[in-house]
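Undergrad: Which chain is which? The protein sequence lines are F and G, in order.
If you're matching positions, the first sequence starts at 34 in the working numbering and goes up one per residue.
If you're matching positions, the second sequence starts at 2 in the working numbering and goes up one per residue.
By construction, the Cβ of each residue, glycine as well, lies at the ideal position given by its N, Cα and C atoms.
All values derive from a computational prediction rather than experimental measurement.
I have a structure I would like to understand better, so I am pasting it below and will then ask my questions one at a time.
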Amino acid sequence: MFPRPFDYLRPTSVAEATRLLASHAEAKVLAGGHSLLPMMKLRLASPRVLIDIGRIPELTGIREENGMLIIGACTTHYAAESSPLLRRHCPLLAETAAAIGDVQVRNRGTIGGSLAHADPAADWPAAILAVEAQLKLVRRGAERLVPARDFFVDLLTTVMQSDELLTEIHVPVNPPRTGSAYLKVPQPASGFALTGVAAQVTLGPNNTLERVAVGITGVSSKPYRATATEQALQGQAATAEAVAQAATQATAGVEALADIHASAEYRLHLARVYTKRALLRAIERARG
Amino acid sequence: MHITVTVNGQTYTHDVEPRLLLVHYLRDVLRLTGTHVGCETSLCGACTVLMNGAAVKSCTVLAVQADGAEITTIEGLAKDGQLHPVQEGFWEEHGLQCGFCTPGMIMASYQLLQRNPNPSDAEIRHALEGNLCRCTGYQHIVNAVRYAAEKMRQSAPAASGT
């Protein structure tokens with residue numbers, strides 16, 4: 034399988050990349066290529082121009098700055114999974130990265146590429162929502178920070194404009210007594226999530242739930258926060274009963290996807306069950 | 002576009018179409034046909050090669066993305082007519098039947114042992130999730146990797162002393 038012919042451009046800086054994006058309306062950005070190249074080989078996408086951002090040093094790597102983790106958009110899943118900084122300060126991201134595809138895919142695929150592609154069954158979106166990340170979008174001469182919950186619009190669609198480049202993901206360092214978990218039901222052949230639930234909690238005095246965040250992927254056309262579940266638990270004692278009760282609301286108002294691998298009803302059921310399990314594990318880890 | 006790629010220690014320069022996939026560059030341009038084309042959809046792992054030391058599915062990498070990279074294929078493992086311990090493991094433990102998946106299996110196993118010289122069976126299976134075999138049922142492949150791990154651990158102290 035061969036993609037249709039295209040012109041290939043390889044900028045070496047963000048400034049050059051955004052300049053190229055501004056002058057090539059028909060261009061697509063190539064990062065690790067593990068979403069885009071398969072689509073191009075199947076001719077589901079046939080961009081006339083590819084802008085390869087894989088050689089821009091400022092887009093790679095993870096650093097800590099004033100209580101924030103700054104993750105370069107071209108950081109691979111493997112780099113995230115094996116990052117000591119993420120494991121210490123935001124283990125949910127390392128755990129999620131390790132759950133993606135297989136090792137070859139994790140060696141090439143990037144966090145920014147996955148988020149910009151916005152596959153409804155991708156793993157990263159659930160975690161990005163649960164840690165309340167912000168995404169830095171840069172265009173020629175301007176930039177903006179978008180909260181994760183405003184980033185995803187619909188199936189394969191985000192708020193990014195065609196001349197914008199996702200350059201960084203900003204994530205707060207976890208406060209003490211924070212625990213998290215990412216649990217998913219993979220489609221057995223592809224590894225994509227039929228349901229993936231990322232939960233992160235911070236415990237207050239007397240084991241009350243000071244902060245609860247649940248991000249869910251794979252279930253509907255875009256990843257979402259289980260707001261009703263979060264609100265039911267906020268400020269409550271972190272008990273198994275409270276979690277079980279709140280998890281029943283994890284799919285409130287959600288319209289689920291359906292395909293040959295899972296019906297809508299099954300996906301909704303999985304989301305509620307895995308919300309409960311992910312929250313219980315997160316609480317257990319927060320207790321230490 | 003002109004690319005320069007080092008494959009199994011030898012440097013090549015070619016003018017290639019941007020849409021040429023790395024696997025076809027290796028097979029059709031360099032005539033290194035040990036790397037196989039399987040599913041062509043980044044699932045089966047038959048086309049696995051090392052790119053700058055990391056296992057990648059060469060059907061999902063453009064040759065132009067490999068410009069400047071060091072590639073190792075199955076042809077690059079044996080040295081002076083001596084099979085690499087991973088290759089020897091697949092031979093000794095009967096880690097293959099038809100052999101179609103074997104080059105990819107061996108390259109993925111090679112990377113695993115670089116990253117983790119003493120993997121458990123579960124870790125071996127996890128590391129080979131991206132490689133499909135339709136013959137063996139995987140058990141002999143796990144045995145082969147375990148054989149290689151042991152052999153490489155035994156020879157490691159001697160190698161580091163030279």
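1. Going by alpha carbons, who is nearest to residue 42(F) out of 56(G), 18(G), 10(G)?
2. Using the beta-carbon count (16 or more within 10 Å), is residue 146(F) buried or exposed?
3. Residues of chain F with CB under 9 Å from residue 118(G), in chain order?
4. Tell me, which residues are paired with residue 41(F) by DSSP?
5. Measure the C-alpha to C-alpha separation of residue 40(G) and residue 47(G) and round it to an integer number of angstroms.
6. Return no unless some Cβ of chain F is closer than 8 Å to the Cβ of residue 65(G).
7. Taking only the alpha-carbon atoms, compute the straight-line gap between residue 230(F) and residue 125(F) and give it to the nearest angstrom.
8. Does the beta carbon of residue 264(F) sit closer than 8 Å to a beta carbon anywhere in chain G?
9. According to DSSP, is residue 255(F) part of a helix, a strand, or is it coil?
10. For residue 162(G), decide whether its Cβ has a neighbour in chain F, counting only Cβ atoms nearer than 8 Å.
11. What does DSSP give as the partner residues of residue 22(G) in its beta bridges?
12. With distance defined between alpha-carbon atoms, name the residue in 245(F), 109(F), 204(F) nearest to residue 311(F).
13. So which residues of chain F does residue 135(G) contact, with C-beta pairs closer than 9 Å?
14. Using the Cβ count rule (16 or more neighbours within 10 Å means buried), how would you classify residue 92(G)?
15. Quick check: the Cα distance between residue 162(G) and residue 89(G), rounded to an integer number of angstroms?
16. Locate the alpha helix (DSSP H) running through residue 273(F), then write down its first and last residues.
17. When the distance is taken between beta carbons, is residue 248(F) closer than 8 Å to residue 117(F)?
18. Buried or exposed for residue 233(F), please, with buried defined as at least 16 other CB atoms from any protein chain shown within 10 angstroms of its CB.
19. Can you tell me which of the three DSSP states residue 73(F) falls into?
20. In the DSSP assignment, find the unbroken beta strand (DSSP E) run with residue 210(F) in it and report its ends.
21. I'd like to know if residue 109(G) contacts chain F, where contact means its C-beta is closer than 8 Å to some C-beta of that chain.
22. Going along chain G in order, which residues have a C-beta closer than 9 Å to the C-beta of residue 225(F)?
23. Identify the contact partners of residue 2(G) in chain F, using a Cβ-Cβ distance below 7 Å as the criterion.
24. Of the choices 238(F), 115(F), 257(F), whose alpha-carbon is the least far from that of residue 271(F)?
25. Can you name, in chain order, every residue of its own chain whose Cβ lies under 7 Å from the Cβ of residue 134(G), other than the five neighbours on each side?
26. At 7 Å on the CB atoms, spell out the chain G contacts of residue 34(F), in chain order.
27. One question on the structure: do residue 56(G) and residue 26(G) come within less than 8 Å of each other, judged by their Cβ atoms?
TA: Taking the structure as given:
1. Your numbering for residue 42(F) matches position 9 in the first sequence. It is 18(G).
2. Numbered from 1 along the first sequence, position 113 holds the residue referred to as residue 146(F). With 16 or more Cβ atoms within 10 Å of its Cβ, residue 146(F) is classed as buried.
3. Here the question's residue 118(G) lines up with position 117 in the second sequence. Those within 9 Å of residue 118(G) in chain F number zero; the least Cβ separation is about 16 Å.
4. Against the first sequence, residue 41(F) aligns to sequence position 8. According to DSSP, which records beta bridges pairwise, residue 41(F) is partnered with 83(F).
5. As a working note, residue 40(G) is residue 39 in the second sequence. As a working note, residue 47(G) is residue 46 in the second sequence. Looking at the two C-alpha atoms, the distance is approximately 8 Å.
6. For the purposes of this step, residue 65(G) is taken as residue 64 along the second sequence, with counting starting at 1. At least one beta carbon of chain F lies nearer than 8 Å to the beta carbon of residue 65(G).
7. As a first step, residue 230(F) must be located in the first sequence, where it is residue number 197. As a first step, residue 125(F) must be located in the first sequence, where it is residue number 92. Separation of residue 230(F) and residue 125(F) (C-alpha to C-alpha, rounded to the nearest whole angstrom) is 11 Å.
8. Within the first sequence, residue 264(F) is the residue found at index 231, counting from 1. Residue 264(F) does not count as touching chain G.
9. The residue labelled residue 255(F) in the question sits at position 222 within the first sequence. DSSP places residue 255(F) in coil when its eight states are reduced to three.
10. For the purposes of this step, residue 162(G) is taken as residue 161 along the second sequence, with counting starting at 1. For residue 162(G), the predicted structure reports a pLDDT of 45, less than 50, and the residue's modelled location is therefore unreliable. The matter cannot be settled from this model.
11. As a first step, residue 22(G) must be located in the second sequence, where it is residue number 21. Residue 22(G) is bridged to 63(G).
12. For the purposes of this step, residue 311(F) is taken as the residue at position 278 of the first sequence. Per the Cα distances, 245(F).
13. The residue given as residue 135(G) occupies position 134 in the second sequence. By Cβ distance, chain F contributes nothing, its closest Cβ being about 13 Å from residue 135(G), past 9 Å.
14. Counting from 1 along the second sequence, the entry for residue 92(G) is found at position 91. Exposed, by the Cβ-count rule.
15. Your numbering for residue 162(G) matches position 161 in the second sequence. Your numbering for residue 89(G) matches position 88 in the second sequence. Because residue 162(G) sits at a pLDDT of 45, beneath the cut-off of 50, its placement in the model cannot be relied upon, and the following sentence gives the value as read from the coordinates. Cα to Cα, residue 162(G) sits roughly 23 Å from residue 89(G).
16. Against the first sequence, residue 273(F) aligns to sequence position 240. Element bounds for residue 273(F): 273-280.
17. The residue you call residue 117(F) lines up with position 84 of the first sequence. The residue you call residue 248(F) lines up with position 215 of the first sequence. Not closer than 8 Å, so no.
18. If you number the first sequence from 1, residue 233(F) lands on position 200. So residue 233(F) counts as buried.
19. Here residue 73(F) refers to the residue found at position 40 of the first sequence. Helix.
20. The residue labelled residue 210(F) in the question sits at position 177 within the first sequence. No beta strand (DSSP E) holds residue 210(F); DSSP gives it neither H nor E.
21. Stepping through the second sequence from its first residue, residue 109(G) is reached at position 108. Answer yes: the Cβ-Cβ gap between residue 109(G) and chain F drops below 8 Å somewhere.
22. Within the first sequence, residue 225(F) is the residue found at index 192, counting from 1. Those within 9 Å of residue 225(F) in chain G number zero; the least Cβ separation is about 11 Å.
23. For the purposes of this step, residue 2(G) is taken as the residue at position 1 of the second sequence. Ordered by position in chain F, the residues that pass the 7 Å Cβ test against residue 2(G) are 41.
24. On the first sequence, residue 271(F) is found 238 positions in, with the first residue counted as 1. Closest in C-alpha terms to residue 271(F), from the list 238(F), 115(F), 257(F), comes 238(F).
25. Sequence index remark: in the second sequence, residue 134(G) carries index 133 (1-based). 102, 106, 142.
26. Reading the first sequence from its first residue, position 1 is the one you call residue 34(F). Result: 41.
27. As a working mapping, residue 56(G) is identified with position 55 in the second sequence. As a working mapping, residue 26(G) is identified with position 25 in the second sequence. Contact: no.
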